[in-house]
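A.B. asks: These protein sequence lines are chains R and H, in that order.
For the first sequence, the UniProt record's numbering gives the first residue as 1, with consecutive numbering after it.
For the second sequence, the UniProt record's numbering gives the first residue as 1, with consecutive numbering after it.
Idealized CB from N, CA, C, for every residue including glycine.
Just so it is clear, the structure is predicted and the values come from calculations on it, not from any experiment.
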Amino acid sequence: MSLRAPGANRSNAVHAGAWWLWALGLAAAASRTTNPLLLGLLVGVAGYVVAARRTDAPWARSYGAFVKLGLAVLVVRLVFSVVLGSPVPGTHPLFTLPEVPLPDWARGVRIGGRVTAEQLVFALYDGAKLAALLICVGAANALANPARLLKSLPGALYEVGVAVVVAMTFAPNMVADVGRLRAARRLRGRPAGGVKAVLQVGLPVLEGALERSVAVAASMDARGYGRTVPVPPAVRHATTVLALGGLLAVCVGAYGLLSASGASYAVPFVAAGVVMAAAGLRLGGRRSVRTRYRPDRWGARSWLVAGSGAVVAALVAGTDPVALHPGVVPLVAPGLPLWPALSVLVGLLPAFVAPLPKESV
Amino acid sequence: MIRFENVTVTYADAAAPTLDGVDLTVPEGELVLLVGPSGVGKSTLLGAVSGLVPHFTGGTLRGRVTVDGRDTRAHRPRELADVVGTVGQDPLAHFVTDTVEDELAYGMESLGLAPAVMRRRVEETLDLLGLAPLRDRPIATLSGGQRQRVAIGSVLTPHPKVLVLDEPTSALDPAAAEEVLAVLQRLVHDLGTTVLMAEHRLERVVQYADRVVLLPAPGAPVVAGPPAEVMAVSPVHPPVVALGRLAGWDPLPLTVRDARRRAGGLRDRLAGLSPAAASPGSGAAVAAGGGPAAAGRAPVAPSGVRAVLGRLVRGGTAPPAPEPPPAAGAGGAGRTVAGTRALSVRRGRVEALRDVGIGVRAGETVALMGRNGAGKSTLLGALVGLVEPASGSVLVGGRAPHRTAPRELVRHVGLVPQEPRDLLYADTVAAECAAADADAGVAPGACRALVSELLPGVAGDTHPRDLSEGQRLALALAVVLTGRPPLLLLDEPTRGLDYAAKARLARVLGRLAAEGHAIVMATHDVELAAELADRVVVLAEGEVVADGPTHEVVVSSPAFAPQVAKILAPQPWLTVAQVEAAL
Chain R
1 MSLRAPGANR SNAVHAGAWW LWALGLAAAA SRTTNPLLLG LLVGVAGYVV AARRTDAPWA
61 RSYGAFVKLG LAVLVVRLVF SVVLGSPVPG THPLFTLPEV PLPDWARGVR IGGRVTAEQL
121 VFALYDGAKL AALLICVGAA NALANPARLL KSLPGALYEV GVAVVVAMTF APNMVADVGR
181 LRAARRLRGR PAGGVKAVLQ VGLPVLEGAL ERSVAVAASM DARGYGRTVP VPPAVRHATT
241 VLALGGLLAV CVGAYGLLSA SGASYAVPFV AAGVVMAAAG LRLGGRRSVR TRYRPDRWGA
301 RSWLVAGSGA VVAALVAGTD PVALHPGVVP LVAPGLPLWP ALSVLVGLLP AFVAPLPKES
361 V
Chain H
1 MIRFENVTVT YADAAAPTLD GVDLTVPEGE LVLLVGPSGV GKSTLLGAVS GLVPHFTGGT
61 LRGRVTVDGR DTRAHRPREL ADVVGTVGQD PLAHFVTDTV EDELAYGMES LGLAPAVMRR
121 RVEETLDLLG LAPLRDRPIA TLSGGQRQRV AIGSVLTPHP KVLVLDEPTS ALDPAAAEEV
181 LAVLQRLVHD LGTTVLMAEH RLERVVQYAD RVVLLPAPGA PVVAGPPAEV MAVSPVHPPV
241 VALGRLAGWD PLPLTVRDAR RRAGGLRDRL AGLSPAAASP GSGAAVAAGG GPAAAGRAPV
301 APSGVRAVLG RLVRGGTAPP APEPPPAAGA GGAGRTVAGT RALSVRRGRV EALRDVGIGV
361 RAGETVALMG RNGAGKSTLL GALVGLVEPA SGSVLVGGRA PHRTAPRELV RHVGLVPQEP
421 RDLLYADTVA AECAAADADA GVAPGACRAL VSELLPGVAG DTHPRDLSEG QRLALALAVV
481 LTGRPPLLLL DEPTRGLDYA AKARLARVLG RLAAEGHAIV MATHDVELAA ELADRVVVLA
541 EGEVVADGPT HEVVVSSPAF APQVAKILAP QPWLTVAQVE AAL
């Protein structure tokens, strides 16, 4: 029974980064295929893991929103295909919409007209791919604690992390303020709805947010935020040079990657740039005295979670592309390729190895 | 430990200095209480200790403030963070992270303590403050008392030598306040921490203080000394001190226990007497689920039988409630202006109110009490139509408030919310009044007349933001009263008010009740409830657990009894004013 996942606590929590790597692995696999059965399987795997391992935290509830967003994207993609036509040639006309006559200069654009089964199926596959990508991102969002992820940032970026955390706690407070002030409008005998109400409530809400941010700033200052140790000027200058030089090198490398002729120098430049930037961040962290309280540790379970995502991505990427892209012209029923399907199932691993979140009320 | 040498603080746009020539020394390991009326610069003095004044707030500080030998002039607040821990009035504005454990560690992280030390201190602090079961909880889900304890814990973990607290118990119910004060007591005794705190609710804190520092008036010299001596001359004092002064006890007792031991003579003198009726309408009460079926015009005779039946119908939810209130006395029977019947309200999965049945009559003042989160604000919200009932009914003036148009509703019921500022939108008092007249559809000038009655001496072009806490409350009250609603609701009206402002509020409310307004107020302030309320309703976890005349409900409860009642028990005296009138 020791193989069963333990109850989650702060010490054995899966690293937030591991959840993101897992989800990105699934997303990478989704981006390689248009096979609706495989995409459905991927979404099912992500959904199962979320259902098995998410907490009751506010961010965990965002999964539903991502699923809805994915479905909306799918619908929008289909509607566009119907209304604007599609370059996919087709031999199975379903119906014909009245076509809007467009002037000569708008040649190439079509509104309305013939709608074929092939074009709809193509749009459906394409939309399903986008939806699957979004749902994978949603899964990461639901499983990884965003505040903990920010805590894993390098020391030099700590201030940015704190700013984001404070902003995240601000949003719910502002929502509460809006509710309170709208209630107060009702108490004054004014309708709580309508544009005018929103405008009248807006100003006090902003005032409240401003006051709260000043109060938080005072509290942070009084609790030692931003205490620094003096660093020798040489280190300071080295930090600047490394950070700027790294950025520049990455830019040059990126240009090389995108242009036709620069393939030879691109990779070394990007690599050098990343190394310099990392060194700059490390040196920059020296002036901050702060330490970290119980950072997420990257343990065996985190390796398994992140690894399972990577394996899914690698196995799906390695299979024969023909099986991953079922034909649209001519129309064929998509089959479920055995090996890619089995490899997608590897993504279920976190549902068994990640620690079980506590039942919360 | 803390030293003020001739300190004068002047804010940028102020005409006069907020603190003028303050000399003060706080020795190590003392719990020092800072008292004084609103607006004398208590918060400024506290801010000067942590260096937030003037580094953060602006203004000029003359003189010298040193904490543990460090001059705040040369040290910014962040450089004092390891010696001074500060908790402001609103703990929510204090939190930087989102969970309890991270919040406790935040200060230590900033100071760069070693991870092993941090871990140990977090565990110790969780135990010291009784926060261990809450360690993983998001801060947003905590109650007021829990938040206050987390805020104190978060500044304790770096082991500061000085703890500065601004009104740590104002927003808390009596039990949560006791909890926080017990923690402070423990810090002073066990860890030798120096504590400097300001508090309006002296009845809660004065007995814990080693020394009291009094700021009698803006710019007046500071008086510091042993609590009994300072209280003897202080313009702000708790009821126990007022009673002691009235009875001429010397030395002045500060605790209920001391006062009780000296109160034998007073009890004898009061033996044959009884308190005068508090205010018109007292004793007129409809209790329990029977409720005002025909709320509106028809006066419902609150017979004892009916109340008992109502209680039976409601089932065994209520523990032995007090005796049904006496049938309406000769002059007390006002008509029922509002009532709820078997009212339940849900918020998500939580049942905020369950099976609540109360009735309120014209001219009656009802105090709603109970711990934070017991459903007091929800009940007020239901009475004013902000909250929709899940089952049961609410009737105010014969209408269901949540289905009545706001414009119509303001003529039947008015609520002054916890934060009176929410009600105020305009730039000037005059504009606010004009808007209130328009909202309520009454003749222009009605609100202004109320304002000059409640807030004499405030110019029409004053910005509501520049008013003091008590003045703002009075303005919001005037705005709400413009529609002449027969039912007036107040949510925590005395939060942040000093004794003078509270006495003014009590006079105003007493007069409104005499004019026939029904008043329902949710409050933690047992002294206010004792002074004003005819009837007290105690809520716990959304249910009514006690409902009856003030002296019956309040005297029997250790948490809700006012100090005078505790001192003179078993005699039925509740306030110093009653005793004074009888003598």
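Looking at C-alpha atoms only, which residue of H:Ala271, H:Arg472 and H:Val195 is the closest neighbour of glutamate 30 of chain H?
C.D. replies: Here the closest residue by C-alpha is H:Val195.
A.B. asks: Here's a check: name, in chain order, each residue in its chain whose Cβ is nearer than 8 Å to the Cβ of histidine 75 of chain H, leaving out the five neighbours to either side.
C.D. replies: Excluding positions up to five away in sequence, the list reads Gly51.
A.B. asks: Alpha carbon to alpha carbon, how far is histidine 551 of chain H from alanine 16 of chain H? Give it in angstroms, no decimals.
C.D. replies: Between alanine 16 of chain H and histidine 551 of chain H, the C-alpha separation is close to 46 Å.
A.B. asks: Apart from the five residues just before and just after glycine 264 of chain H, which ones in its own chain have a Cβ nearer than 8 Å to its Cβ?
C.D. replies: Hits under 8 Å: none found.
A.B. asks: Would you mind telling me which residues of chain R sit closer than 7 Å to tyrosine 106 of chain H, beta carbon to beta carbon, in chain order?
C.D. replies: Correct list: Arg223.
A.B. asks: Can you find a CB in chain R that lies within less than 7 Å of the CB of residue 586 of chain H?
C.D. replies: Chain H is shown from 1 up to 583; residue 586 of chain H falls before or after that span and cannot be answered.
A.B. asks: Listing by chain order, which chain H residues have their CB less than 9 Å from the CB of valine 289 of chain R?
C.D. replies: The answer, in chain order, is Ser110, Leu111 and Gly112.
A.B. asks: Take threonine 33 of chain R and list the residues in its own chain whose beta-carbon comes closer than 6 Å to its own, dropping the five residues that flank it on each side.
C.D. replies: So the list reads Leu324, once near-sequence residues are dropped.
A.B. asks: Alanine 198 of chain H to leucine 111 of chain H, Cα distance in whole Å?
C.D. replies: Cα to Cα, alanine 198 of chain H sits roughly 27 Å from leucine 111 of chain H.
A.B. asks: Closer than 7 Å, Cβ to any Cβ of chain R: which residues of the segment 231–254 of chain H, in chain order?
C.D. replies: Cβ contacts with chain R: none found.
A.B. asks: Is aspartate 102 of chain H helix, strand or coil when you go by DSSP?
C.D. replies: Helix, per DSSP.
A.B. asks: For the candidate residues R:Leu69, R:Trp105 and R:Arg110, whose alpha-carbon lies nearest to that of leucine 130 of chain R?
C.D. replies: Comparing Cα-Cα distances from leucine 130 of chain R to each of R:Leu69, R:Trp105 and R:Arg110, the minimum goes to R:Leu69.
A.B. asks: Distance check for alanine 232 of chain H and glutamine 207 of chain H, CA to CA, integer angstroms please.
C.D. replies: Approximately 14 Å between the Cα atoms of the pair.
A.B. asks: With burial defined as no fewer than 16 other Cβ atoms inside 10 Å of the residue's Cβ, what is the status of proline 87 of chain R: buried or exposed?
C.D. replies: Exposed.
A.B. asks: Buried or exposed for lysine 566 of chain H, please, with buried defined as at least 16 other CB atoms from any protein chain shown within 10 angstroms of its CB.
C.D. replies: Buried is the call here.
A.B. asks: If I'm right that alanine 272 of chain R touches alanine 254 of chain R with Cβ under 8 Å, what's the distance once you round it to whole angstroms?
C.D. replies: Wrong, their Cβ atoms sit about 13 Å apart, outside the cutoff.
A.B. asks: May I ask which residues mark the beginning and end of the alpha helix (DSSP H) holding glycine 414 of chain H?
C.D. replies: Segment 413–416 is the beta strand (DSSP E) holding glycine 414 of chain H; no alpha helix (DSSP H) there.
A.B. asks: DSSP beta-bridge partners for leucine 165 of chain H?
C.D. replies: Paired residues: H:Val87 and H:Met197.
A.B. asks: So, is glutamine 148 of chain H buried or exposed, given that buried needs 16 or more other C-beta atoms within 10 angstroms?
C.D. replies: So glutamine 148 of chain H ends up on the buried side.
A.B. asks: If you drop the 5 nearest sequence neighbours on each side, which residues of the same chain put their C-beta closer than 8 Å to that of glycine 63 of chain H?
C.D. replies: Correct list, in chain order: Phe4, Glu5, Asn6, Val7, Thr8, Gly21 and Val22.
A.B. asks: First and last residue of the alpha helix (DSSP H) that includes asparagine 141 of chain R?
C.D. replies: Here the alpha helix (DSSP H) through asparagine 141 of chain R covers 117–143.
A.B. asks: Using three-state DSSP, classify phenylalanine 66 of chain R as helix, strand or coil.
C.D. replies: Looking at phenylalanine 66 of chain R - three-state DSSP - the assignment turns out to be helix.
A.B. asks: DSSP on isoleucine 358 of chain H, reduced to helix/strand/coil?
C.D. replies: Residue state, collapsed to three classes: coil.
A.B. asks: If you measure from the beta carbon of methionine 220 of chain R to each beta carbon in chain H, is any gap under 7 Å?
C.D. replies: At least one chain H Cβ lies under 7 Å of methionine 220 of chain R.
A.B. asks: Mapping the DSSP letters down to three states, classify proline 138 of chain H as helix, strand or coil.
C.D. replies: Strand at proline 138 of chain H.
A.B. asks: Report the residue ranges of all beta strand (DSSP E) runs contained in full by the segment 34–111 of chain R; include only those spanning at least 3 residues, in chain order.
C.D. replies: Fully enclosed beta strand (DSSP E) runs of 3 or longer: 93–97.
A.B. asks: What residue range is occupied by the uninterrupted beta strand (DSSP E) comprising methionine 231 of chain H?
C.D. replies: From DSSP, methionine 231 of chain H is part of no beta strand (DSSP E) but of the alpha helix (DSSP H) over 227–233.
A.B. asks: So valine 479 of chain H and glutamate 408 of chain H are in contact, right, with Cβ under 8 Å, and what is the actual spacing, rounded?
C.D. replies: Between glutamate 408 of chain H and valine 479 of chain H the Cβ distance is about 17 Å, and since that is not below 8 Å, they are no contact.
A.B. asks: Answer with yes or no whether the minimum CB distance from residue 585 of chain H to chain R is below 7 Å.
C.D. replies: Look at the range of chain H in this structure, 1 to 583, and you will see that residue 585 of chain H is not part of it.
A.B. asks: How is the alpha helix (DSSP H) around alanine 503 of chain H delimited, first residue to last?
C.D. replies: Here the alpha helix (DSSP H) through alanine 503 of chain H covers 499–514.
A.B. asks: Taking only runs of the beta strand (DSSP E) that begin and end inside the segment 204–268 of chain H, which ones reach a length of at least 3 residues, in chain order?
C.D. replies: If we require 3 residues or more, the beta strand (DSSP E) runs fully inside the segment 204–268 of chain H come out as 211–214 and 223–225.
A.B. asks: Does the segment 299–316 of chain R come within contact of the segment 180–190 of chain R, defined as at least 3 CB pairs closer than 8 Å?
C.D. replies: With a cut-off of 8 Å, the segment 180–190 of chain R and the segment 299–316 of chain R do not count as touching, because too few Cβ pairs lie within range.
A.B. asks: I want to verify the contact list: residues of chain H whose CB lies under 8 Å from the CB of leucine 57 of chain R, in sequence order.
C.D. replies: Looking at the sequence itself, residue 57 of chain R is alanine, so the reference to leucine does not match. Result: Pro138.
A.B. asks: Mind reading off the beta-carbon distance from arginine 290 of chain R to glycine 155 of chain R? Whole number of angstroms is fine, and I expect it under 8 Å.
C.D. replies: Confirmed, about 7 Å.
A.B. asks: Under a Cβ-count criterion, where at least 16 other Cβ atoms within 10 Å of its own Cβ denotes burial, should proline 302 of chain H be classed as buried or exposed?
C.D. replies: Because the pLDDT at proline 302 of chain H is just 41, under 50, the model does not fix this residue reliably, and the point stays unresolved.
A.B. asks: Which bits of chain R does aspartate 439 of chain H rub up against, with CB to CB less than 7 Å?
C.D. replies: Chain R residues near aspartate 439 of chain H: Arg188, Gly189 and Arg190.
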